[in-house]
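**Q**
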Amino acid sequence: MKLTRKVAPKVDPQNHDEGMGRRQFLKSAGITATGVATAAAFAPSMMRKSQASEYVSHDVPTQVKRSICSACAVGCGIYAEVQNGVWTGQEPAFDHPISKGSHCAKGAAEREHGQGKRRVRYPLKLIDGKWQKLSWEQALSEVTDKMKSIRKQSGPDSIYFMGSAKFSNESAYLYRKLAAMWGTNNVDHSARICHSTTVAGVANTWGYGAQTNSLNDMHNAKSILLIGSNPAEAHPIAMKHILIAKERGAKIVVADPRFTRTAVHADLYCPLRPGTDIPFIYGLLWHIFDNNWQDDEFIKTRVFAMEDIREEVKNYDPDTVSDITGVDKKTLFEAAKTISENRPGGITWCMGGTQHHIGNSNTRVYCILQLALGNLGVSGGGANILRGHDNVQGATDLGVLFDTLPGYYGLTTGSWQHWSRVWGLDYEWVKGNFNQGEYLGRQPMTSPGIPCSRWHDGVLEEKKNIAQADNIRLAFFWGQSVNTETRQNEVREALDKLETIVVVDPYPTMASVLHNRKDGVYILPACTCYESYGSVTNTSRSIQWREKVIEPIFESKPDTEIMYLLSKHLGFDKQFTKNIAKTDTGILIEDITREFNKGMWTIGMSGQSPERLKYHTMHWGEFSYDDLVASSGEAKGEVYGLPWPCWGTPDIGHPGSTILYNTNLHVKDGGSNFRARFGVEYQGKSLLADGTYSKGSEIKDGYPEFSADMLKQLGWWDDLTEQEQQQAEGRNWKTDLSGGIIRVALEHGCSPYGNAKARCKVWTFPDPVPIHREPLYAPRRDLVAKYPTYEDMRVHRLPTLYRSIQEQDFTDKYPLQLSSGRLVEYEGGGEETRTNAWLAELQQEMFVEIHPTDAAARNINNWDDVWLEGAEGGRIKIKAMVTPRVREGLAWMPFHFAGFMSGENLIDKYPDGTAPYVLGESANTALTYGYDPVTQMQETKCSLCQIEKA
Numbered sequence: 000m001k002l003t004r005k006v007a008p009k010v011d012p013q014n015h016d017e018g019m020g021r022r023q024f025l026k027s028a029g030i031t032a033t034g035v036a037t038a039a040a041f042a043p044s045m046m047r048k049s050q051a052s053e054y055v056s057h058d059v060p061t062q063v064k065r066s067i068c069s070a071c072a073v074g075c076g077i078y079a080e081v082q083n084g085v086w087t088g089q090e091p092a093f094d095h096p097i098s099k100g101s102h103c104a105k106g107a108a109e110r111e112h113g114q115g116k117r118r119v120r121y122p123l124k125l126i127d128g129k130w131q132k133l134s135w136e137q138a139l140s141e142v143t144d145k146m147k148s149i150r151k152q153s154g155p156d157s158i159y160f161m162g163s164a165k166f167s168n169e170s171a172y173l174y175r176k177l178a179a180m181w182g183t184n185n186v187d188h189s190a191r192i193c194h195s196t197t198v199a200g201v202a203n204t205w206g207y208g209a210q211t212n213s214l215n216d217m218h219n220a221k222s223i224l225l226i227g228s229n230p231a232e233a234h235p236i237a238m239k240h241i242l243i244a245k246e247r248g249a250k251i252v253v254a255d256p257r258f259t260r261t262a263v264h265a266d267l268y269c270p271l272r273p274g275t276d277i278p279f280i281y282g283l284l285w286h287i288f289d290n291n292w293q294d295d296e297f298i299k300t301r302v303f304a305m306e307d308i309r310e311e312v313k314n315y316d317p318d319t320v321s322d323i324t325g326v327d328k329k330t331l332f333e334a335a336k337t338i339s340e341n342r343p344g345g346i347t348w349c350m351g352g353t354q355h356h357i358g359n360s361n362t363r364v365y366c367i368l369q370l371a372l373g374n375l376g377v378s379g380g381g382a383n384i385l386r387g388h389d390n391v392q393g394a395t396d397l398g399v400l401f402d403t404l405p406g407y408y409g410l411t412t413g414s415w416q417h418w419s420r421v422w423g424l425d426y427e428w429v430k431g432n433f434n435q436g437e438y439l440g441r442q443p444m445t446s447p448g449i450p451c452s453r454w455h456d457g458v459l460e461e462k463k464n465i466a467q468a469d470n471i472r473l474a475f476f477w478g479q480s481v482n483t484e485t486r487q488n489e490v491r492e493a494l495d496k497l498e499t500i501v502v503v504d505p506y507p508t509m510a511s512v513l514h515n516r517k518d519g520v521y522i523l524p525a526c527t528c529y530e531s532y533g534s535v536t537n538t539s540r541s542i543q544w545r546e547k548v549i550e551p552i553f554e555s556k557p558d559t560e561i562m563y564l565l566s567k568h569l570g571f572d573k574q575f576t577k578n579i580a581k582t583d584t585g586i587l588i589e590d591i592t593r594e595f596n597k598g599m600w601t602i603g604m605s606g607q608s609p610e611r612l613k614y615h616t617m618h619w620g621e622f623s624y625d626d627l628v629a630s631s632g633e634a635k636g637e638v639y640g641l642p643w644p645c646w647g648t649p650d651i652g653h654p655g656s657t658i659l660y661n662t663n664l665h666v667k668d669g670g671s672n673f674r675a676r677f678g679v680e681y682q683g684k685s686l687l688a689d690g691t692y693s694k695g696s697e698i699k700d701g702y703p704e705f706s707a708d709m710l711k712q713l714g715w716w717d718d719l720t721e722q723e724q725q726q727a728e729g730r731n732w733k734t735d736l737s738g739g740i741i742r743v744a745l746e747h748g749c750s751p752y753g754n755a756k757a758r759c760k761v762w763t764f765p766d767p768v769p770i771h772r773e774p775l776y777a778p779r780r781d782l783v784a785k786y787p788t789y790e791d792m793r794v795h796r797l798p799t800l801y802r803s804i805q806e807q808d809f810t811d812k813y814p815l816q817l818s819s820g821r822l823v824e825y826e827g828g829g830e831e832t833r834t835n836a837w838l839a840e841l842q843q844e845m846f847v848e849i850h851p852t853d854a855a856a857r858n859i860n861n862w863d864d865v866w867l868e869g870a871e872g873g874r875i876k877i878k879a880m881v882t883p884r885v886r887e888g889l890a891w892m893p894f895h896f897a898g899f900m901s902g903e904n905l906i907d908k909y910p911d912g913t914a915p916y917v918l919g920e921s922a923n924t925a926l927t928y929g930y931d932p933v934t935q936m937q938e939t940k941c942s943l944c945q946i947e948k949a
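Last residue of the sequence shown: 949 (numbering that gives the first Met the number 0), numbering continuous.
Have a look at this one:
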């Protein structure tokens, strides 16, 4: 693509990176054209030959380190070749049980990420508009002195801890612990704006808010419905598994507003209007119930309140659904028939389904479809939920969230007492770090904080309207960039108003430059995952151990070391690391793993010791590519990565659970049933399973969660050792630190969390049964009266708008519906990938896709400069891509760009030498208000805009 405006700097394919030609650059980097750039195209034998003869120097000894790609959550294996401490070569791991010798463009370019040419090299402070170098000691002293000052004046909630999906599990756990010991629940990370509605919706349907099957198990599907998911670009190696299923005969159905690269592979494409997922799924269910295609036995024994769904589905006949969604009646029928006749079938979704103001209802209705078809707990079925960052699953599991503690323990007194026991601390000391008063009826320690989707509202909202002592005054932006949030004008205003900004990242990120300020900004250089080590959880719940590839470059430090140093400066390092050994460079990572193992009983993230995980990493080739089970070696019979729940303590040797809710296996072998987490009855009806149970269970029916009292009632109490009895007395399976209650339940073939029905009705949510609600910025004004949104309400600490927005008609001025999504070249907010020279060559311009008819009406030609204005006035200057991939009336943008703001180039605000190679406008400058009432997920898929030629 020819550039028509300056990027920073322009990447010339023949002459980039300090004037060095491409061939010379690759050669100096230790990689030739036959190396990693073309890795996926060669057979293993060819790659080995290339490795031996082309680019590995035999003059210098080579170490090969095993790591996991830092891009998406598929979790692909990397062989990193290191010579004299320098990362000189990279190969895709051909024996890795998930990626099997494959990389996408981002994975193939990971070595460049580890070289750091555009990295922050040392701590920096913005003083009078200039970046000045600081020592680590000075930077940490100044930041923590400011924190203490704010705490004294406003309380601990005036500090915001923005966390990261790039944290290792150990870093994520430590970060949540840091916020807890500081005394705030104002901590969150990017799962809030990618899959928080999945976690809430799925967990409240059948127990756990995670992917039910593995990527590899998709090989066994007879059909796959993809809705709001484009893995061909967002998760290319996951797409490889989907294509294996297709080669084996699976039927692929894609529902998406755009004809994506994934849709190209579909047997049936359903072009639905953005924001109409619920009518579409109910339209499928209308045909399923009308033709008696549902699984009646599965529903009778394992599902609660399907009759409520059948009643609601009556409102969504084919004519109604076709009118709402835009999918014609014939296609809708064929989709229902295809997934019904080809079972077991899986459903896959991503942010196209979650990023809506009714996202929790979307994810629940996806689950309900699978329950109706009996597609749960079986190989080839399930909900295969593709997550975006390398450890967004793990960071969520470990509690980098404003509304939970590690392991999804709620913010109750009992949960805080549990984690205080794990930490070996007096609960009263932990409690004393929080503000003790009530604010708008909420106590800070036991009420959710402010979500990362709305931290800026915590800065800008009137103090009297926020359920905490004062506004946010200082914010950490740790491994998370602010250009990923909607309403960028308000984000910029909040950055200006903050007293102090602390960016902790290998790169400056937009929090360092989006503001209009001259001082009060610190950048602390964290190293990448390749300069540290620890565990990371992929989208299938498999936990993988990374080796350290190289030592931290420049003056960067691992996240765990920075957190430890902060705790020392804040005066609670002894409590913070009570169970963790100290090292020359900070603290021992393995001890962090062991500590969270002691508390994560809820999801069974307790049996994966560092030693077990390291063995899996060092023996990739022993695990099957089809079912992830090891057929030989010390891990024989174990599932790769010990996917949770891996029950009990590590010495029990539980193999991990590759398929959740599979009653065909003994619980000791990874079997389970639906979780009993909603009580035993509702309105006089039993919530427990009806005559169904996992293999080998001594209880031949449904049963509640296990507790000490239940063991006594069953006569199993004496199965505990005397020491276990002492620790288990008065506790349940989630709070018994001995693990004895879980151990005894397993011995009797029972799931520690009980045996219940999945539920179609969530009586604690605003919509107990999912119903369609038109977007806040609705393009179909004729449907608003019939399908209105919620009344304005308070959600946790913040007032939240709904009806007051939707009742306004914006369509005259903003006639185009606006959505956003991913590109294969970039990831997330794009700071890492747009700073990668290899990837920057591939996509150098931010753009909007517009249908030819809409373009012609505006006199716009392909690749013209255009102004796109969102319905709240946010304007961005970008390129127009005229394409029929989007339907008429729809515009679509990628969300990976930043560095421009409403036509203003921010390159001069970056510290010298750190600006990404490619800059562009953020899609989120034009995207608008809208938040899920359960999770505060932002709405990025349903807005309105106007486009005009620049």
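The beta carbon of each residue, even a glycine, is placed where N, CA and C say it ideally should be.
Which word fits Trp130, buried or exposed, when buried means at least 16 other C-beta atoms lie within 10 angstroms of its C-beta?
**A** The count along the sequence shown starts at 1 and reaches residue 130 at position 131. Buried, since its Cβ has 16 or more Cβ neighbours within 10 Å.
**Q** State the Cα-Cα distance for the pair Thr934 and Pro798, rounded to the nearest angstrom.
**A** Taking the sequence shown and counting its residues from 1, one reaches residue 934 at position 935. Taking the sequence shown and counting its residues from 1, one reaches residue 798 at position 799. Rounded to the nearest angstrom, the two C-alpha atoms are 14 Å apart.
**Q** What does a CB cutoff of less than 7 Å around Thr204 pick up in its chain, not counting 5 residues either side in sequence?
**A** For this step, residue 204 is matched to residue 205 along the sequence shown. Cβ within range, chain order: Arg363, Cys366, Ala757, Arg758.
**Q** Output needed for Gln50: all residues of its chain with C-beta closer than 6 Å, excluding positions within five of it in sequence on either side, in chain order.
**A** Stepping through the sequence shown from its first residue, residue 50 is reached at position 51. Because Gln50 sits at a pLDDT of 38, beneath the cut-off of 50, its placement in the model cannot be relied upon, and the point is left open.
**Q** Per the contact definition of three or more C-beta pairs closer than 8 Å, is the region 766–779 in contact with the region 798–813?
**A** yes
**Q** Hey, which unbroken runs of the beta strand (DSSP E) at 3 residues or more fall wholly within the region 54–115?
**A** Complete beta strand (DSSP E) runs here, min 3: 62–67, 76–82, 85–91.
**Q** Please name the residue in Met350, Ser69, Ser222 whose C-alpha comes closest to that of Arg191.
**A** What you label residue 191 is simply residue 192 of the sequence shown in a count that begins at 1. Answer by Cα proximity: Met350.
**Q** Can you give me the C-alpha to C-alpha distance between Ile471 and Val881, rounded to a whole angstrom?
**A** Within the sequence shown, residue 471 is the residue found at index 472, counting from 1. Within the sequence shown, residue 881 is the residue found at index 882, counting from 1. Inter-residue distance for Ile471 and Val881 is about 43 Å (C-alpha atoms, whole angstroms).
**Q** What residues match up with Arg441 in a beta bridge as DSSP calls it?
**A** To locate residue 441, count along the sequence shown from 1; it is residue 442. When beta bridges are read from the DSSP output, Arg441 appears opposite Tyr438.
**Q** Within a Cβ cutoff of 8 Å, which residues of the same chain sit near Gly423, ignoring the five residues on either side of it in sequence?
**A** Locating residue 423 in the sequence shown gives position 424, where the first residue counts as 1. So the qualifying residues of the chain are Lys577, Asn578.
**Q** List the DSSP bridge partners of Phe896.
**A** Working through the sequence shown from its first residue, we reach residue 896 at position 897. Beta-bridge pairing links Phe896 to no other residue.
**Q** Tell me, please, whether the CB atom of Trp477 is closer than 8 Å to any CB atom in chain C?
**A** Among the chains in the structure shown there is no chain C, since it carries only a single protein chain.
**Q** Is DSSP giving Pro932 helix, strand or coil here?
**A** Translated into positions along the sequence shown, residue 932 becomes position 933. Coil.
**Q** Roughly how many whole angstroms lie between the Cα atoms of Thr33 and Thr834?
**A** Taking the first residue of the sequence shown as position 1, residue 33 is located at position 34. Taking the first residue of the sequence shown as position 1, residue 834 is located at position 835. Residue confidence is low: Thr33 scores 29 on pLDDT, short of 50, so the model does not pin down where it sits. No coordinate-derived value is stated.
**Q** Is DSSP giving Arg21 helix, strand or coil here?
**A** Here residue 21 refers to the residue found at position 22 of the sequence shown. Note that Arg21 scores 29 on pLDDT, short of 50, meaning its location in the model is unreliable and no value can be drawn from it.
**Q** So for Thr412, helix, strand or coil by DSSP?
**A** Counting from 1 along the sequence shown, the entry for residue 412 is found at position 413. For Thr412, the three-state secondary structure derived from DSSP is helix.
**Q** With DSSP as the reference, label Pro155 as helix, strand or coil.
**A** Within the sequence shown, numbered from 1, the residue matching residue 155 stands at position 156. Of the three classes helix, strand and coil, the one that applies to Pro155 here is helix, per DSSP.
**Q** Between Met217 and Asn383, is the Cβ-Cβ spacing less than 8 Å?
**A** Numbered from 1 along the sequence shown, position 218 holds the residue referred to as residue 217. Numbered from 1 along the sequence shown, position 384 holds the residue referred to as residue 383. Yes, the Cβ-Cβ distance between Met217 and Asn383 is below 8 Å.
**Q** Which residues bound the alpha helix (DSSP H) around Met845?
**A** On the sequence shown, position 846 is the one that residue 845 refers to. Here Met845 belongs to no alpha helix (DSSP H), and DSSP marks it neither H nor E.
**Q** Could you tell me the distance, in whole angstroms, from the CA atom of Thr300 to the CA atom of Ser228?
**A** Taking the first residue of the sequence shown as 1, we reach residue 300 at position 301. Taking the first residue of the sequence shown as 1, we reach residue 228 at position 229. The straight-line gap separating the alpha-carbon atoms of Thr300 and Ser228 is approximately 31 Å.
**Q** Since Ile549 contacts Trp86 with CB under 8 Å, what's their CB separation in whole angstroms?
**A** The residue you call residue 549 lines up with position 550 of the sequence shown. The residue you call residue 86 lines up with position 87 of the sequence shown. Their Cβ separation, rounded to whole angstroms, is 5 Å, which keeps Ile549 and Trp86 in contact under 8 Å.
**Q** Going along the chain, which unbroken runs of the alpha helix (DSSP H) with 4 or more residues stay wholly within the region 142–206?
**A** 168–181, 195–205
**Q** Give the secondary structure of Gly820 by DSSP, where H, G and I count as helix, E and B as strand, and everything else as coil.
**A** Against the sequence shown, residue 820 aligns to sequence position 821. Looking at Gly820 - three-state DSSP - the assignment turns out to be strand.
**Q** Quick test of the definition: if touching needs 3 or more C-beta pairs under 8 Å, does the region 786–796 touch the region 855–870?
**A** no
**Q** How many Å lie between Val302 and Lys760 at the Cα?
**A** Against the sequence shown, residue 302 aligns to sequence position 303. Against the sequence shown, residue 760 aligns to sequence position 761. Those two C-alpha atoms are separated by around 10 Å.
**Q** Assign Glu484 to buried or exposed, taking buried as 16 or more other Cβ atoms, counted over all protein chains shown, within 10 Å of its Cβ.
**A** Translated into positions along the sequence shown, residue 484 becomes position 485. Looking at its Cβ environment, which holds 16 or more other Cβ atoms inside 10 Å, Glu484 is buried.
**Q** Alpha carbons only, please: which of Ala755, Leu664, Ser656 is nearest the one belonging to Glu704?
**A** Along the sequence shown, read from residue 1 onward, the residue named residue 704 stands at position 705. The shortest Cα separation from Glu704 among Ala755, Leu664, Ser656 belongs to Ala755.
**Q** By alpha-carbon positions, which one of Val783, Ile875, Trp866, Arg884 ends up nearest to Gly275?
**A** On the sequence shown, residue 275 is found 276 positions in, with the first residue counted as 1. Here residue 275 turns out to be Thr, not Gly, going by the sequence shown. If we check each option's Cα against that of Thr275, Val783 comes out closest.
**Q** Could you give the first and the last residue of the continuous beta strand (DSSP E) run that contains Leu267?
**A** In the sequence shown, the residue the question calls residue 267 occupies position 268. Residues 267–269.
**Q** Is the number of C-beta pairs between the region 235–251 and the region 311–323 that are closer than 8 Å three or more?
**A** no
**Q** Taking DSSP's pairing of strands, which residues face Tyr702 in a bridge?
**A** Looking up residue 702 in the sequence shown gives position 703. In the DSSP secondary-structure assignment, Tyr702 is bridged to Asn754.
**Q** Report yes if the C-beta distance between Lys876 and Glu844 is below 8 Å; otherwise report no.
**A** One-based indexing of the sequence shown puts residue 876 at position 877. One-based indexing of the sequence shown puts residue 844 at position 845. Contact: no.
**Q** Once DSSP output is grouped into helix, strand and coil, what is the label at Leu841?
**A** The count along the sequence shown starts at 1 and reaches residue 841 at position 842. Reduced to three states, the DSSP call for Leu841 is coil.
**Q** CA-CA distance, Asn731 and Gly248?
**A** In the sequence shown, the residue the question calls residue 731 occupies position 732. In the sequence shown, the residue the question calls residue 248 occupies position 249. Asn731 and Gly248: Cα-Cα distance of roughly 46 Å.
**Q** So Glu830 and Tyr521 are supposed to be a Cβ contact under 8 Å. How far apart are they, rounded?
**A** Stepping through the sequence shown from its first residue, residue 830 is reached at position 831. Stepping through the sequence shown from its first residue, residue 521 is reached at position 522. Their Cβ separation, rounded to whole angstroms, is 17 Å, which puts Glu830 and Tyr521 out of contact at 8 Å.
**Q** Between the C-alpha atoms of Pro654 and Gly669, what's the straight-line distance to the nearest angstrom?
**A** Position 655 of the sequence shown, counted from the first residue, corresponds to residue 654. Position 670 of the sequence shown, counted from the first residue, corresponds to residue 669. Rounded to whole angstroms, Pro654 to Gly669 spans 7 Å at the Cα level.
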